[in-house]
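Enquirer: In the numbering used here, the protein residues as written are 39 to 328.
#1: According to DSSP, which residues form a beta bridge with residue 183?
#2: Tell me which residue opens and which closes the beta strand (DSSP E) that residue 269 is part of.
#3: Could you check where the beta strand (DSSP E) with residue 234 kicks off and where it finishes?
#4: For residue 127, collect the residues of the same chain with a Cβ closer than 7 Å to its Cβ; drop the 5 residues on either side in sequence, then sort them by chain order.
#5: Per DSSP, what kind of secondary structure is residue 175 in: helix, strand or coil?
#6: Given 8 Å as the limit, is there contact between the stretch 114-123 and the stretch 174-181, that is, 3 or more CB pairs closer than that?
#7: Suppose contacts are defined by Cβ-Cβ distances below 9 Å. Is residue 247 in contact with residue 225 by that definition?
#8: Any idea what DSSP makes of residue 155, helix, strand or coil?
#9: Between which two residues does the beta strand (DSSP E) harbouring residue 143 extend?
#10: Would the stretch 267-282 and the stretch 303-322 be scored as touching if the rule is three or more Cβ pairs under 8 Å?
#11: What's the C-alpha gap between residue 131 and residue 296?
#12: Do residue 171 and residue 140 count as a contact pair if the criterion is CB distance below 9 Å?
#13: Three-state secondary structure (DSSP) at residue 296?
#14: Could you tell me the distance, in whole angstroms, from the CA atom of residue 234 to the CA atom of residue 325?
#15: Let me make sure I understand the geometry here. Which of 198, 135 and 115 has the alpha-carbon closest to that of residue 160?
#16: On the DSSP bridge assignment, give the partners of residue 319 in chain order.
#17: Within its chain, find whatever has a CB closer than 8 Å to the CB of residue 230; leave out the 5 residues flanking it on each side and keep chain order.
#18: By the DSSP assignment, the beta strand (DSSP E) with residue 163 in it spans what residues?
#19: Is residue 207 helix, strand or coil when you go by DSSP?
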């Protein structure tokens, strides 16, 4: 098992919005219709904020190395067809193409795909659902999905679709964070645990990443391997996400508004003084379709 560390060394200031109420879609859980709507039609400001955050995280040196590791695990030959599911703005598609693969990206969010097409006009980026991929049976040599499976109330359905589109000996690589095991340094550890677990409980499948091995085996894949890479963030980059986390716990009734505000004020001060620390386990699983 790998214990590589992905580190945020950013020391620039970032704007933190006041705690906002969490929308009802965040509470959808297994309600697939709400889940689909949220990913298809994010608000413009939300897309801009998300793209900005993803760009900053993707540019970190250790994030680059983690993506490269996932590409290596695909075992692709030149010209091999591969899909990146949940491709966002298409960064992995562009990088896989530069490695010689015939890469396609699929994402449910039209605004994200549109931004990807703007950035990479020649990239094959499509709006589509991970549970209904636009490929024939056995068409692909590789399947990659990063930070996606926690969004599905039934991750096994998406993995069944992955198996369908892969040819014999095709490779699948999954990357994802475990939302229930975020580690956040705080003067109030009990409150922090409550906030982390309350936010995780609002996600359709917060522990999907730790279940990758079982999911892959249950779906009929062979040669399953799992690595854990720890993301460590120490700058202000994640303050907006922490604010949403505290707001979600407050709106769920897990903590009071005063406690959420006090906790967020502490994290903001930690970021200002260089004492913020957030550690996130990132599971990387790979397997072969028999």
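All C-beta atoms, glycine included, are put in the ideal place defined by N, C-alpha and C.
Expert: Short version:
#1: 123 and 212
#2: 260-271
#3: Taken as a continuous stretch (DSSP letters only), residue 234 belongs to no beta strand (DSSP E), being part of the alpha helix (DSSP H) at 227-238.
#4: 89, 150, 153, 154 and 157
#5: coil
#6: yes
#7: no
#8: helix
#9: 140-145
#10: yes
#11: 44 Å
#12: no
#13: helix
#14: 30 Å
#15: 135
#16: 268
#17: 222, 224 and 301
#18: 162-165
#19: strand
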